[in-house]
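A.B. asks: The structure follows.
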Amino acid sequence: MSEYKFEEFNHQNILGVVIIFAQSVRKMLNAYLAFFAYSIFSDGIGKYAWWFFGISLVFTAVTSVLKYRNFRFKLDDTQLVLNSGIFTKDVMNIPLDRIQSVQMHQNFIQRILGITGLKIDTAGSSSEELEIPALKREKAESLLELLKGKIRNEDLPKSDERREESSEVLEKKSLKETLVNLDFKAILVLAITENHIRNGLIAVAFIMGYAGQYLDYSEQFVVDVFDDYAPELVESGIALIIVFVFTFLFLSVLLSFIQVILKFFDFKAEVDGQSFYISSGLIKRNEFTIPLKKIQFLEWKTNLLRKRLGFESISIHQGRSVESAGKNLLEIPSCYSEQTEKVMETLYTELVDDDYFFLLQPHTYQRVFRALVLSLFGIPFFLIALIATEEFVVFSGLYLVYVFVMIAAAEKYYQSINLWVNEEVIIYERGWIFPKRTVVKLHKFQTVELTQTVFQAKRNICHLTFSTAAGGRSFRFFDKNEMEELRDFVLYKTESFTGKWM
Amino acid sequence: MLLENLQLEKSDLPLLENVDYSPHPKDYRDMRLLILMIVMFLLSGFWIMQLVFLNMTAMGVIFLIWLGLLSLILLEEIKGFKKRGYALRQRDITYKKGFLIHSQTTIPFNRVQHCETTQGPLSRAFGLMSLKVFTAGGASSDLRISGLRPEEANRLKDFITEASSTYE
């Protein structure tokens, strides 16, 4: 480990040129894709497009070499320094206590070349990505270790008494324990139980959004084709809808499988007293280290099928800047009850015993409101169907059935809401088709908001919204006196907490 | 003992309900009403434009909807102004507002990243200033208190900055 020195400026591995080149080419292709596609199909400017492409490629190659030469980094006791830029020299100083997490990261090309990238996440920094894209694996590992060591040192409390205690704790907990290790069968189970329809819809939305960029170029083409085939399309109406539905379902399931396998192949989660360690991915291999202190809250999610099989997923919410929303969200996709227990024990040391919790439930008005909203939501659809077909009796009947189903669903949902509070955490459970459980430590709160409409004032109901550095959740339709008490309690806990929270 | 963490009885908790809130100066209400009037005036162009395209019944319906919305907004502004106010405690700041939807937002000082005061041209004319309190989580968890007297806003800013820098 000591063969690498980071106190003085280091260059990346020479293969970094290839990686920087590949990254730049991909960026360029992304930017000019529409232009190239258009020019290849239109005769006049095709030739020039190839020239343009060639020259851009040469230019990119030259800048990649320059970028490589000008990229240097060093690490001293307090900060990580990155120098970069060809014409404008950028010097970026990253104080170690601002670093949220460090990840090793390999995409396809990096894997082939045996090179690892190092990504550095900082709290609340700009959208600029901090990355050292090309290091030899051993070097990346030793830099990562060094970084983690230094970050950890800064986190240690200063008083001697505490240090002794924590070094003891360190010794006891420094052994990494495997939490989850997914084999191929587990990944298949995961893929089968995905929410396929949601995945399909997301894909459709994504394709629409992406296609929208090139709409100007493709619109004429689509219109031409459509005009040619329109009569047949209309004739085969219902058959077409059925084919569409089946294709959609098939593709959604296929997509779930591909996504899950790409993302969670060889998934491994480990934990010790300090951090979570997560590594996963088939083509793009990611390794994350998440210090436990920086976790803002955890959310367990499952669905009816997975609940049957007895497992849930855990989303780990860390502090984030607005720009990279969602980027810092990590997931442990499959967790059985003993693993959940292990996580709870590691993170929440005090009073995990059930007896210490006290339980709050929402006002019964919650289900009335939910049933009402769901029922009203259906009206436009039934109204349109009714006007289009003029089948008054059929659709009124169907609407009535719909309303009853919604009332039952609202009742079920109401039954599923539980808010548990103890001296250390709040646990918020809700949902019956897609049950969710949010667990947040009391001192992670940074804004607490109590909201009440005029109509709720009579019934003495209110909503309580908490925000952490990783976003927030609302407790809706609870008794106002209870929520006020909870707010005062949470504020007291946050304000009397003196340790690190982010 | 680094961290004191004693068991609390419910009755020992410091209660936020019992604090006194400081109201805004009346000028702030006047400024809000003026802004409302300007917006209404600008929208009336849109309103006159519809005169050309729509028949009388549609006009009547739209006018009624418009009137309803306007009276709701006025109700909110006039009744809601009395509900606005901030309260400082030793370790947090609370701002409450709203008549139709009333909310009380509290930020503990040890979660404040920084704060700033701003003054636009209109608020300068009214002699008012806004205070913004930033937290780490992004816009949804920030707090903005508009319509304070400049000296008051600056005093608040200094107090919060001072209070939040003693943590860390």
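Heads up: the protein sequence lines correspond to chains A and B, in order.
Heads up: the first sequence begins at 1 in our numbering, then just goes up one per residue.
Heads up: the second sequence begins at 1 in our numbering, then just goes up one per residue.
We put the beta carbon where it would ideally sit given N, CA and C, even for glycine.
All values reported here derive from a predicted model rather than from experimental measurement.
Taking the continuous alpha helix (DSSP H) assigned at A/Ala186, which residues delimit it?
C.D. replies: 184 to 192
A.B. asks: Name the two residues that bound the continuous beta strand (DSSP E) containing A/Gln106.
C.D. replies: From DSSP, the beta strand (DSSP E) with A/Gln106 extends over 99 to 106.
A.B. asks: Buried or exposed for A/Arg69, please, with buried defined as at least 16 other CB atoms from any protein chain shown within 10 angstroms of its CB.
C.D. replies: exposed
A.B. asks: Given 8 Å as the limit, is there contact between the stretch 119 to 138 of chain B and the stretch 149 to 161 of chain B, that is, 3 or more CB pairs closer than that?
C.D. replies: yes
A.B. asks: State the Cα-Cα distance for the pair A/Thr60 and A/Val25, rounded to the nearest angstrom.
C.D. replies: 7 Å
A.B. asks: Going by DSSP in three states, A/Leu57 sits in which element: helix, strand or coil?
C.D. replies: helix
A.B. asks: In angstroms with no decimal places, state the Cα-to-Cα distance between A/Val245 and A/Val393.
C.D. replies: 28 Å
A.B. asks: Could you confirm whether any beta carbon from chain A is found closer than 8 Å to the beta carbon of B/Glu76?
C.D. replies: no
A.B. asks: Along the stretch 463 to 478 of chain A, where does the CB come closer than 8 Å to a CB of chain B? Name the residues.
C.D. replies: Ser467, Thr468, Ala469, Ala470, Gly471, Gly472
A.B. asks: When the cut-off is 8 Å and only beta carbons count, does A/Glu168 lie next to chain B?
C.D. replies: Confidence is the limiting factor: at A/Glu168 the pLDDT is only 44, short of 50, which leaves the residue's position unreliable and the question unanswerable from this model.
A.B. asks: I need the DSSP call for A/Ile314, collapsed to helix, strand or coil.
C.D. replies: strand
A.B. asks: Quick one, which of A/Trp51, A/Pro362, A/Lys263 has its alpha-carbon nearest A/Phe184's?
C.D. replies: A/Lys263
A.B. asks: Can you have a look at A/Lys150 and say buried or exposed, based on whether 16 or more other CB atoms are within 10 angstroms of its CB?
C.D. replies: buried
A.B. asks: Distance, Cα to Cα, B/Pro108 vs A/Leu179?
C.D. replies: 35 Å
A.B. asks: Measuring CB atoms only, is the stretch 337 to 348 of chain A touching the stretch 459 to 469 of chain A, in the sense that at least three cross pairs come out at less than 8 Å?
C.D. replies: Look at the beta carbons and you see the stretch 337 to 348 of chain A not touching the stretch 459 to 469 of chain A: under three pairs across the two are nearer than 8 Å.
A.B. asks: Is the Cβ of B/Ala87 closer than 8 Å to any Cβ of chain A?
C.D. replies: no
A.B. asks: Assuming A/Leu298 and A/Ile316 are in contact, meaning their beta carbons sit under 8 Å apart, how far apart are those beta carbons, in whole angstroms?
C.D. replies: 6 Å
A.B. asks: Among A/Asn303, A/Glu138, A/Leu113, A/Phe311, which residue has its Cα nearest to the Cα of A/Ala186?
C.D. replies: It is A/Phe311 whose Cα lies nearest to the Cα of A/Ala186.
A.B. asks: Three or more C-beta pairs closer than 8 Å, one from the stretch 68 to 85 of chain B and one from the stretch 410 to 421 of chain A: is that the case here?
C.D. replies: no
A.B. asks: Quick check: A/Glu131 and A/Lys119, are their CB atoms within less than 8 Å of each other?
C.D. replies: It is a contact, given that the beta carbons lie within the stated cut-off.
A.B. asks: Measure the C-alpha to C-alpha separation of B/Gln113 and A/Pro95 and round it to an integer number of angstroms.
C.D. replies: 17 Å
A.B. asks: Give me, in chain order, the residues of the same chain whose beta-carbon lies closer than 8 Å to that of A/Gly431; leave out the 5 immediate sequence neighbours on both sides.
C.D. replies: Tyr413, Ser416
A.B. asks: Whole angstroms is fine: what's the gap from A/Gln79's alpha carbon to A/Ile109's?
C.D. replies: 30 Å
A.B. asks: Can you pull the chain A residues whose beta carbon is under 9 Å from the beta carbon of B/Leu15, in chain order?
C.D. replies: Glu484, Glu485, Asp488
A.B. asks: Between B/Ala136 and chain A, is the shortest Cβ-Cβ distance under 8 Å, so that the two count as touching?
C.D. replies: It does: the Cβ of B/Ala136 has a partner Cβ on chain A nearer than 8 Å.
A.B. asks: In chain B, which residues lie with their C-beta within 7 Å of the C-beta of A/Leu450?
C.D. replies: Ser103, Gln104
A.B. asks: State yes or no: is the beta carbon of A/Val454 nearer than 8 Å to at least one beta carbon in chain B?
C.D. replies: yes
A.B. asks: Would A/Arg476 pass as a contact of A/Gln366 if the rule is Cβ separation under 8 Å?
C.D. replies: Yes, they are a contact pair.
A.B. asks: Under the rule that 16 or more other beta-carbon atoms within 10 Å means buried, what is A/Met483, buried or exposed?
C.D. replies: buried
A.B. asks: With a threshold of 6 Å on Cβ separation, who are the neighbours of A/Asn181 within its own chain once the five nearest residues in sequence on each side are excluded?
C.D. replies: Only residues of its own chain outside the window of five on either side were considered, and among them Lys268 have a CB closer than 6 Å to the CB of A/Asn181, listed in chain order.
A.B. asks: For A/Tyr492 and chain B, any beta-carbon pair shorter than 8 Å?
C.D. replies: yes
A.B. asks: Just the Cα atoms here: how many angstroms apart are A/Asn199 and B/Val133?
C.D. replies: Rounded to the nearest angstrom, the two C-alpha atoms are 39 Å apart.
A.B. asks: For A/Leu147 and A/Glu7, what's the separation of their Cα atoms in angstroms?
C.D. replies: 12 Å
A.B. asks: On the three-state DSSP scale, how would you describe A/Glu8?
C.D. replies: coil
A.B. asks: Quick one: Cα of B/Phe53 to Cα of B/Tyr28, how far?
C.D. replies: Distance between the alpha carbons of B/Phe53 and B/Tyr28 is about 39 Å.
A.B. asks: For A/Arg473, I'd like the list of residues in its chain whose CB is within less than 7 Å of its CB, leaving aside the five on either flank, ordered along the chain.
C.D. replies: Tyr428, Thr438, Phe466
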